[in-house]
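Chains as they are written, first to last, in the working numbering: chain A, 24 to 277; chain B, 64 to 328.
Just so you know, even glycine gets a beta-carbon here, dropped at the ideal spot from N, CA and C.
Quick caveat: nothing in here was measured; it's all calculated off a predicted structure.
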């Protein structure tokens, strides 16, 4: 059962004490009159004529008929009382306390919101359109590479991975392949995925998270440098060269 | 508004009976068939009048748009905040799906036919070269936009609770994007494809303990050959797209469940 809040228990306690002081005055059968002082604060008392009707219908001698009206704060039932009235003169009892928010989540702050249509959909539509236009025009002028038929017996020099793996290939020149090809990217991805669980700083403001921001920036700069070196500064035998030394080849061969 | 859609039937019968287009259109739009197809608020019902109710209907009653909530935080629609990168990644994925389906009609994943199919696609299929170019460049752009989206989300601190799990989903999506791009790289079966994939799979072969097994499974043999091509083709056109769609669905759903996009800063 739900815990009864302290202030309600206290109120019940006070009322019980007050009624005990009046000593039997409540047995007159007219609860509305006897409790007039206490009932000022709660207007939800059952009207007297309804109580009488309940009493008549349920039969006076049956406590079971009024079981629902028996207070949770069980005190011995005085036989002289009308059946519909609780031992402390209560005509209602606390069944449960429904906490605010358990039925309906009332948002404290409505927030500043706008309709998705048109405000967001228009932006998305324009972005999609611009992207399509760019892609179409770019594809008209720049062809995707198609070199000669694959030949397993003819290894091009240098052999390069797709550009997004060139950082890894670059690491291969520095570390053991297991470290460069598996451990570093694996740890990188896992570390990245765990960022939300590692970083306990709740702030989203860049000024509060200088370390995290600089860490990612350094990481990305490092990675971009490796990719650029791998793409443009690696010639025959994957040796370091200047991009123009072997002639400028098609940079869109990717 | 209905009068703007003027479509004469052109056979001359029009002039005899003279039923106004608008009236005819209203009759069609009021028909049970029409109303069963288009939900309330659809612009195809009675035209669109701007009202808060209709603005909500546009989102709620469209299978495409209802990925969105009806309303979002005001800062969330600012391009300067999101740079549209997540949306563009998704859009590029759709783009790649459409162009990819086109390419599938002209491609057979065997070592004997793959390169020739691509070559004849470029020379003898209408728009074949253009569509292939778009597929290729969209793929590179998607890798880029997914990566930049990740950076944007990181810089906004959006990987923090309550969005930490969606960030993990995002990392999985990044990985799947790279895998999709990499498996597609082999399919033209030219020198570029063969050797880029050789370098890539050799790296994966250094996986601790299971290295050679991983490489064998990936290649479908000891060397890159026609089995590899079939394997990577299936991965590229079916398996990875299947997975990425599932993870994208979770990703988008979680964006909403975690309280919309992050911010404002």
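*residue 30 of chain A, enclosing alpha helix (DSSP H) - first and last residue*: Run containing residue 30 of chain A: 29-45, per the alpha helix (DSSP H) assignment.
*Assuming residue 320 of chain B and residue 136 of chain A make a contact with CB atoms under 8 Å, what is their CB distance in whole Å?*
For residue 320 of chain B against residue 136 of chain A, the beta-carbon gap comes to about 17 Å, at or over 8 Å, which does not count as contact.
*Bridge partner(s) assigned by DSSP for residue 172 of chain A*: For residue 172 of chain A, DSSP records a beta bridge to B:253.
*Put residue 245 of chain A into one of helix, strand or coil per three-state DSSP.*
Under the three-state reduction of DSSP output, residue 245 of chain A falls in the helix class.
*Start-end ranges of the alpha helix (DSSP H) lying completely within the region 127-215 of chain A, minimum 4 residues*: Entirely contained in the region 127-215 of chain A, the alpha helix (DSSP H) runs reaching 4 residues are, in chain order, 139-164, 189-195.
*Taking all protein chains shown into account, do 16 or more other C-beta atoms lie within 10 angstroms of the C-beta of residue 316 of chain B, making it buried, or fewer, making it exposed?*
Burial state of residue 316 of chain B is exposed, judged by a 10 Å Cβ sphere holding fewer than 16 other Cβ atoms.
*Could you give the uninterrupted runs of the beta strand (DSSP E) lying entirely in the region 109-194 of chain B, keeping only those of 3 residues or more?*
Counting whole runs of 3 or more residues, the region 109-194 of chain B contains the beta strand (DSSP E) stretches 134-136.
*asked:* At the level of alpha carbons, what is the spacing between residue 98 of chain B and residue 151 of chain A?
replied: Straight-line Cα distance between these residues: approximately 30 Å.
*Which residue from B:188, B:190, B:204, B:166 puts its Cα closest to that of residue 251 of chain B?*
It is B:166 whose Cα lies nearest to the Cα of residue 251 of chain B.
*If the cut is a Cβ gap below 9 Å, which residues of chain B does residue 33 of chain A touch?*
Per Cβ cutoff of 9 Å: no residues; residue 33 of chain A is ~37 Å from chain B at best.
*Taking one C-beta from the region 141-161 of chain A and one from the region 211-220 of chain A each time, how about it: are there three or more such pairs within less than 8 Å?*
Contact between the region 141-161 of chain A and the region 211-220 of chain A is absent, with fewer than three C-beta pairs closer than 8 Å.
*Taking the alpha-carbon positions, what's the residue 140 of chain B to residue 188 of chain A distance?*
Distance between the alpha carbons of residue 140 of chain B and residue 188 of chain A: 34 Å.
*Check the Cβ-Cβ distances between residue 249 of chain A and every residue of chain B, and say whether any is below 9 Å.*
Output row for residue 249 of chain A: interface = no.
*Distance, Cα to Cα, residue 159 of chain A vs residue 146 of chain B?*
Taking the straight line joining both Cα atoms gives about 21 Å.
*Is any beta-carbon of chain B found at less than 9 Å from that of residue 147 of chain A?*
For residue 147 of chain A, the answer is yes, since a Cβ of chain B falls inside 9 Å of its Cβ.
*Mind pulling the chain B residues with CB within less than 7 Å of residue 205 of chain A?*
Within chain B, the C-beta atoms nearer than 7 Å to that of residue 205 of chain A come from 269, 270, 271, in chain order.
*Which of the three DSSP states, helix, strand or coil, is assigned to residue 263 of chain A?*
Of the three classes helix, strand and coil, the one that applies to residue 263 of chain A here is strand, per DSSP.
*Across which residues does DSSP place residue 257 of chain A in a beta bridge pair?*
DSSP lists A:263 as partners of residue 257 of chain A.
*So which residues of chain E does residue 136 of chain B contact, with C-beta pairs closer than 9 Å?*
Here chain E cannot be found, since the structure's protein chains are A and B.
*Do the region 247-267 of chain B and the region 251-267 of chain A meet, that is, are 3 or more Cβ pairs less than 8 Å apart?*
Short answer: they don't touch.
_Cα-Cα separation between residue 275 of chain B and residue 200 of chain A, rounded to whole angstroms_ = In this structure, the straight-line span from the alpha carbon of residue 275 of chain B to that of residue 200 of chain A is close to 13 Å.
*For residue 325 of chain B, go through chain A and note every residue whose CB falls closer than 9 Å to its CB, in chain order.*
227, listed in chain order.
*For residue 53 of chain A, does the three-state DSSP call read helix, strand or coil?*
Its pLDDT being 46, under 50, residue 53 of chain A is placed unreliably by the model, and the measurement read from it follows with that caveat. Coil.
_Looking at residue 200 of chain B: is its Cβ nearer than 9 Å to the Cβ of residue 167 of chain A?_
In this structure, the beta-carbon distance from residue 200 of chain B to residue 167 of chain A falls below 9 Å.
*By the 10 Å Cβ neighbour count, where 16 or more other Cβ atoms means buried, how is residue 122 of chain A classified, buried or exposed?*
Counting Cβ neighbours within 10 Å, residue 122 of chain A comes out exposed, since fewer than 16 surround it.
*Any idea if residue 72 of chain A is buried or exposed, counting beta-carbon neighbours within 10 angstroms, 16 or more meaning buried?*
It is exposed - the Cβ of residue 72 of chain A has fewer than 16 other Cβ atoms within 10 Å.
*Can the beta-carbon of residue 213 of chain B be found closer than 9 Å to that of residue 244 of chain B?*
Remark: C-beta atoms of residue 213 of chain B and residue 244 of chain B do not approach each other more closely than 9 Å.
*Identify the contact partners of residue 197 of chain B in chain A, using a Cβ-Cβ distance below 8 Å as the criterion.*
Listed along chain A, the residues sitting closer than 8 Å to residue 197 of chain B by beta-carbon distance are 158, 159, 162.
_Proximal residues to residue 277 of chain A (C-beta, below 6 Å), its chain only, five neighbours per side dropped_ = Correct list, in chain order: 186.
*State buried or exposed for residue 253 of chain A, treating a residue as buried only when at least 16 other CB atoms are found within 10 Å of its CB.*
Answer is buried; the Cβ neighbour count reaches 16.
_chain A contacts made by the region 294-311 of chain B, where a contact means CB separation under 9 Å_ = Those residues of the region 294-311 of chain B that come within reach of chain A (Cβ to Cβ, closer than 9 Å) do not exist; the list is empty.
*Between the C-alpha atoms of residue 322 of chain B and residue 122 of chain B, what's the straight-line distance to the nearest angstrom?*
Taking the CA atoms as reference points, residue 322 of chain B sits about 18 Å from residue 122 of chain B.
*Identify the contact partners of residue 118 of chain B in chain A, using a Cβ-Cβ distance below 7 Å as the criterion.*
Within 7 Å Cβ-Cβ: 138, 140.
*Cβ of residue 119 of chain A less than 9 Å from any chain B Cβ?*
Judged by the 9 Å Cβ criterion, residue 119 of chain A is not in contact with chain B.
*With distances taken Cα to Cα, identify the nearest neighbour of residue 222 of chain A among B:222, B:239, B:324, B:158.*
Taking only the C-alpha atoms, the option nearest residue 222 of chain A is B:222.
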